[in-house]
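Those protein sequence lines, which keep their order, are chains A and B. Using the numbering used here, you'd call the opening residue of the first sequence number 8 and step up by one each time. Using the numbering used here, you'd call the opening residue of the second sequence number 8 and step up by one each time. By construction, the Cβ of each residue, glycine as well, lies at the ideal position given by its N, Cα and C atoms. Since the structure comes first, as structure tokens, the remarks are kept for the end.
Protein chains: 2
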Amino acid sequence: MKVKVVTRILEANERIAAENRRLFDEARVYVINLMSAPGAGKTSLLEKTIKELNGKIKTAVIEGDIAGTSDAERIGSLGVPVIQINTGGACHLDANMINEVLESLPLKEPDLLFVENVGNLVCPAEFNIGEDMKVMLLSITEGDDKPLKYPLMFQESSALILNNIDLLPYTNASTEKIRKDAMSLNPSLKIFEVSCKTGKGIAEWADWLTERVKS
Amino acid sequence: MKVKVVTRILEANERIAAENRRLFDEARVYVINLMSAPGAGKTSLLEKTIKELNGKIKTAVIEGDIAGTSDAERIGSLGVPVIQINTGGACHLDANMINEVLESLPLKEPDLLFVENVGNLVCPAEFNIGEDMKVMLLSITEGDDKPLKYPLMFQESSALILNNIDLLPYTNASTEKIRKDAMSLNPSLKIFEVSCKTGKGIAEWADWLTERVKS
Chain A
8 MKVKVVTRIL EANERIAAEN RRLFDEARVY VINLMSAPGA GKTSLLEKTI
58 KELNGKIKTA VIEGDIAGTS DAERIGSLGV PVIQINTGGA CHLDANMINE
108 VLESLPLKEP DLLFVENVGN LVCPAEFNIG EDMKVMLLSI TEGDDKPLKY
158 PLMFQESSAL ILNNIDLLPY TNASTEKIRK DAMSLNPSLK IFEVSCKTGK
208 GIAEWADWLT ERVKS
Chain B
8 MKVKVVTRIL EANERIAAEN RRLFDEARVY VINLMSAPGA GKTSLLEKTI
58 KELNGKIKTA VIEGDIAGTS DAERIGSLGV PVIQINTGGA CHLDANMINE
108 VLESLPLKEP DLLFVENVGN LVCPAEFNIG EDMKVMLLSI TEGDDKPLKY
158 PLMFQESSAL ILNNIDLLPY TNASTEKIRK DAMSLNPSLK IFEVSCKTGK
208 GIAEWADWLT ERVKS
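This is the structure we're talking about:
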């Protein structure tokens, strides 16, 4: 019974995700669904990336949080169109939540729309929102055992961004183990090592992204 | 419709949690539901705590993960009874998952049973498992904005353990802000600052825990 309900929810989600997809195509906007555990640095990555893309790619952001507007305020201060979704308890964004805010965004203006999902390494990976690409962020401080413990997100993502690489010497984590385990789950995964604090690796990631948006 | 289903799931969970509670009382075992975001250091905290309690308090552990057995292997190497639950995709432990493994544990032997939940700062807080106390762990590297963004877990927990406090100088996080926001959500929250790497703060936390288990 429970499974049937879940299946029905996921089917409904796919239908609305396809409708979002149609709207994104019409507006010619590339959409990234950005996911990670809480505190891995999604908003910091967006801040750095938006500044790096400034003058080259027009961006907009949808922020997803259970509660609060602090992330939207951070992004808004960069002068980029931003909308905050508060899920009110739900642990992920779904296609319908995105669909409901699309009319409040000037969808035809940006080339690239980032959707920052709720901080959660599990559930967001199950819900398509009509995105072009899922990207996940992993803080090196979370340890190198995450790919094998949270496989779905690594399988669903097109790119993995290893953040806080400046803290690597203070952890027991091995980037080699993360790379090996993540690639075993998803051989086409593109992996970047960055530090949102020092800016290391941001340019390389932004260049790769620019290519995708412009193609 | 969706809300009704969720309510029914939570009601069924409460019923089984009460049955677990009865079994725990019968066996005179104190049960802690340990929750955090992925990679905050739950297993590391258990390793340090179990060693600190050795000779004073007998412990056992239930490990919850979506996939894999690496945490159970780490705990097992300490010579402590341990069972691994693989949720196979589910983002939290529920009372029924616990109930199903209880007969495989020598429940009358330990004084204290730790249940390490799936790494997730959202959903585990909604599901009682019959525990005496919920304890949450927050890595300082996750930032100081987490209480206001994930309020339920801070409200449901009796204790908050701030881990990786040795990394504080390398972050922008403020422990004062975390304390202030967490206490505004839950004025009776007990807060510890620890480093599972250096061992700082572990003795204080273990002493506080011992008092509760023995009372």
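Could you tell me whether the Cβ of residue i comes closer than 7 Å to any Cβ of chain A?
{"i": "T182 (chain B)", "result": "no"}
{"i": "G7 (chain B)", "result": "The structure shown does not extend to residue 7 (chain B), since chain B is modelled only from 8 to 222, so the question has no answer here."}
{"i": "S202 (chain B)", "result": "no"}
{"i": "A24 (chain B)", "result": "no"}
{"i": "L196 (chain B)", "result": "no"}
{"i": "S84 (chain B)", "result": "no"}
{"i": "S222 (chain B)", "result": "no"}
Can you give me the Cβ contacts of residue i inside the same chain, cut-off strictly under 8 Å, excluding the 5 residues immediately before and after it?
{"i": "K58 (chain B)", "result": "L85"}
{"i": "A34 (chain A)", "result": "L114, K115"}
{"i": "L196 (chain B)", "result": "F161, S164, S165, A166, L167, A189, M190"}
{"i": "L112 (chain A)", "result": "A67, I69, P88, I90, L120"}
{"i": "E18 (chain A)", "result": "none"}
{"i": "N20 (chain B)", "result": "D101, A102, N103, F134, N135"}
{"i": "I73 (chain A)", "result": "N93, T94, G95, G96, A97, C98, V125"}
Please report the straight-line C-alpha distance between residue i and residue j, rounded to a whole angstrom.
{"i": "R28 (chain B)", "j": "E200 (chain B)", "result": "30 Å"}
{"i": "E116 (chain B)", "j": "T205 (chain A)", "result": "51 Å"}
{"i": "P131 (chain B)", "j": "K141 (chain A)", "result": "25 Å"}
{"i": "V54 (chain B)", "j": "I209 (chain B)", "result": "Here residue 54 (chain B) turns out to be Glu, not Val, going by the sequence shown. If you take the alpha carbons of E54 (chain B) and I209 (chain B), they lie about 11 Å apart."}
{"i": "E107 (chain A)", "j": "N135 (chain A)", "result": "15 Å"}
{"i": "L169 (chain A)", "j": "A213 (chain B)", "result": "33 Å"}
{"i": "K187 (chain A)", "j": "P194 (chain A)", "result": "9 Å"}
{"i": "G96 (chain A)", "j": "K156 (chain B)", "result": "10 Å"}
{"i": "I16 (chain A)", "j": "I64 (chain B)", "result": "46 Å"}
{"i": "M8 (chain A)", "j": "T14 (chain A)", "result": "Low confidence applies to M8 (chain A): its pLDDT is 39, below 50, so where it sits in the model is not reliable, and the reading given next is rough at best. About 10 Å."}
{"i": "L175 (chain A)", "j": "T148 (chain A)", "result": "7 Å"}
{"i": "S222 (chain B)", "j": "G137 (chain A)", "result": "54 Å"}
{"i": "T217 (chain A)", "j": "I92 (chain A)", "result": "26 Å"}
{"i": "P154 (chain A)", "j": "A24 (chain B)", "result": "31 Å"}
Given residue i, which residues of its chain have a CB within under 6 Å of its CB, disregarding the five upstream and five downstream residues?
{"i": "Y37 (chain B)", "result": "L119, D139, V220"}
Measuring from the CB of residue i, is there a heavy atom of the ligand MG at a distance below 6 Å?
{"i": "S195 (chain A)", "result": "The model on display carries no ligand, and the ligand MG is accordingly not part of it."}
Between residue i and the rest of its own chain, which residues show a CB-CB distance below 7 Å, the 5 nearest in sequence each way excluded?
{"i": "T66 (chain B)", "result": "I57, L60, V87, P117, L119, F121"}
{"i": "N124 (chain A)", "result": "N40, L41, M42, G71, H99, L100, P131"}
{"i": "P158 (chain A)", "result": "L192"}
{"i": "G48 (chain A)", "result": "L144, S146, N170, N171, C203"}
{"i": "K6 (chain B)", "result": "Chain B is shown only over 8 to 222; residue 6 (chain B) falls outside these bounds and no answer can be derived."}
Bridge partners for residue i per DSSP, in chain order?
{"i": "D139 (chain A)", "result": "DSSP lists no partner for D139 (chain A)."}
{"i": "T66 (chain A)", "result": "A:L119"}
{"i": "Q162 (chain A)", "result": "Q162 (chain A) is not bridged to any residue."}
{"i": "N170 (chain A)", "result": "A:S146"}
{"i": "G48 (chain B)", "result": "Beta-bridge pairing links G48 (chain B) to no other residue."}
{"i": "G71 (chain B)", "result": "B:I92"}
{"i": "I39 (chain B)", "result": "B:F121, B:M140"}
{"i": "F199 (chain A)", "result": "A:I168"}
Is the CB of residue i under 7 Å away from at least one CB in chain B?
{"i": "T66 (chain A)", "result": "no"}
{"i": "T94 (chain A)", "result": "no"}
{"i": "D152 (chain A)", "result": "yes"}
{"i": "T148 (chain A)", "result": "yes"}
{"i": "K55 (chain A)", "result": "no"}
{"i": "S191 (chain A)", "result": "no"}
{"i": "K58 (chain A)", "result": "no"}
Could you name the residues of chain E that residue i contacts, counting a contact when the two beta carbons are closer than 7 Å?
{"i": "L112 (chain A)", "result": "The chain labelled as chain E is not found among the protein chains of the depicted structure, namely A and B."}
Q: Please list the residues of the stretch 127–144 of chain A that have a C-beta atom closer than 7 Å to any C-beta atom in chain B, keeping them in chain order.
A: N127, L128, V129, C130
Q) the stretch 161–176 of chain A: which residues have C-beta closer than 8 Å to a C-beta of chain B, in chain order? A) N171, D173, L174
**Q.** Short-range partners of chain B found in the stretch 25–49 of chain A, where Cβ spacing is below 7 Å
**A.** A44, P45, G46
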